[in-house]
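Trainee: For reference, the structure I am asking about is given below.
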Amino acid sequence: MESEHHRMDDEHRIIESEHRKIKSAHLIIESEHHIIESEHHMIESEHHIIESEQHIMDYEHHIMGNERHIMDNKNHIMENEHHMMESEQHIIESEHHIMDNEQHIMESEHHIMDYAHHIMDNEQHIMDNEQHIMDYAHQIMDNEHRIMDNEQHIMESEHHIMDYAHHIMDNEQHIMDKNNHIMDRENHIMVKYPHTIVN
Numbered sequence: 001m002e003s004e005h006h007r008m009d010d011e012h013r014i015i016e017s018e019h020r021k022i023k024s025a026h027l028i029i030e031s032e033h034h035i036i037e038s039e040h041h042m043i044e045s046e047h048h049i050i051e052s053e054q055h056i057m058d059y060e061h062h063i064m065g066n067e068r069h070i071m072d073n074k075n076h077i078m079e080n081e082h083h084m085m086e087s088e089q090h091i092i093e094s095e096h097h098i099m100d101n102e103q104h105i106m107e108s109e110h111h112i113m114d115y116a117h118h119i120m121d122n123e124q125h126i127m128d129n130e131q132h133i134m135d136y137a138h139q140i141m142d143n144e145h146r147i148m149d150n151e152q153h154i155m156e157s158e159h160h161i162m163d164y165a166h167h168i169m170d171n172e173q174h175i176m177d178k179n180n181h182i183m184d185r186e187n188h189i190m191v192k193y194p195h196t197i198v199n
């Protein structure tokens, strides 16, 4: 009867050891989930970096287009100035056609005013673009801060994974110690009760 109690106690200890093994396996699975989440955070950070670089490239192309637009406007201004000089020369050379030339001057002045408005619009456009560049610079800084935060999160996750790894190693050592203890008990039972079979 006492042998049966010992056998039942040993079986209960074996069941408890199996439960601890299952619990350790669950901890290992949770650690793997933490590793997968950390990898997802790293991928999201890389996507943020790629998007920021694409924004920078797009805005550099936008700036190049504006510079070409400014050069075209300067050429238009030079052409208008040349046109004014020709008109004034025409007035001097064509005193008999003063009225016609005055009409031509008035038309030229309207043309100059239109170009002056065009220049003012372009200057406003340049100011808007400079503001847009500043906004993009702030956005890039925000993205860099986000990247730094993600890197900090990755480092914390790695520390968390290391802690789980140490915890798993401790659990495995604990399981090995328990298994050795169970084997010692089984050997003890077999020596003490040689006719008892322990499963």
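Per UniProt numbering, residue 1 is the first one in the sequence shown, and the count goes up by one each step.
Idealized CB from N, CA, C, for every residue including glycine.
This one's a predicted model, so the numbers in the text were calculated from it and none came from an experiment.
Using DSSP with H/G/I as helix, E/B as strand and the rest coil, what is Y136?
Mentor: The residue labelled residue 136 in the question sits at position 136 within the sequence shown. Helix at Y136.
Trainee: Hey, would you say Y164 sits closer than 9 Å to S31, going by beta carbons?
Mentor: As a first step, residue 164 must be located in the sequence shown, where it is residue number 164. As a first step, residue 31 must be located in the sequence shown, where it is residue number 31. Yes. Within cutoff.
Trainee: Candidates Q173, E4 and M148: which alpha carbon is nearest E46's?
Mentor: Along the sequence shown, one-based indexing puts residue 46 at 46. It is M148 whose Cα lies nearest to the Cα of E46.
Trainee: Identify whether S108 lies in helix, strand or coil by the three-state DSSP scheme.
Mentor: What you label residue 108 is simply residue 108 of the sequence shown in a count that begins at 1. If DSSP states are grouped into helix, strand and coil, S108 belongs with the helices.
Trainee: Apart from the five residues just before and just after I168, which ones in its own chain have a Cβ nearer than 8 Å to its Cβ?
Mentor: Position 168 of the sequence shown, counted from the first residue, corresponds to residue 168. Cβ neighbours of I168 beyond the five flanking positions: S24, L27, I28 and S31.
Trainee: If you draw a straight line from the alpha carbon of M120 to that of H104, how long is it in whole angstroms?
Mentor: On the sequence shown, residue 120 is found 120 positions in, with the first residue counted as 1. On the sequence shown, residue 104 is found 104 positions in, with the first residue counted as 1. Roughly 24 Å separates the two Cα atoms.
Trainee: Look at the alpha carbon of S157 and the alpha carbon of N75, and state the distance between them as a whole number of angstroms.
Mentor: For the purposes of this step, residue 157 is taken as residue 157 along the sequence shown, with counting starting at 1. For the purposes of this step, residue 75 is taken as residue 75 along the sequence shown, with counting starting at 1. Approximately 59 Å between the Cα atoms of the pair.
Trainee: When you compare the CB positions of H41 and N143, do they come within less than 9 Å of one another, or not?
Mentor: As a working note, residue 41 is residue 41 in the sequence shown. As a working note, residue 143 is residue 143 in the sequence shown. No; because the gap between Cβ atoms is not below 9 Å, this pair is not in contact.
Trainee: Looking only at its own chain, which residues have a Cβ that is under 8 Å from the Cβ of I112, when we skip the five neighbours before and after it?
Mentor: Your numbering for residue 112 matches position 112 in the sequence shown. So the list reads N80 and M84, once near-sequence residues are dropped.
Trainee: How should E3 be labelled, buried or exposed, when 16 other C-beta atoms within 10 angstroms of its C-beta is the threshold for buried?
Mentor: Looking up residue 3 in the sequence shown gives position 3. Note on residue identity: the sequence assigns Ser, not Glu, to residue 3. When all chains shown are included, S3 counts as exposed.
Trainee: Is the beta carbon of E17 less than 9 Å from the beta carbon of I189?
Mentor: Within the sequence shown, numbered from 1, the residue matching residue 17 stands at position 17. Within the sequence shown, numbered from 1, the residue matching residue 189 stands at position 189. The identity of residue 17 in the sequence shown is Ser, whereas the question assumes Glu. Their beta carbons are not under 9 Å apart, which means S17 does not touch I189 by this criterion.
Trainee: For S94, which of helix, strand or coil comes out of DSSP?
Mentor: In the sequence shown, the residue the question calls residue 94 occupies position 94. Of the three classes helix, strand and coil, the one that applies to S94 here is coil, per DSSP.
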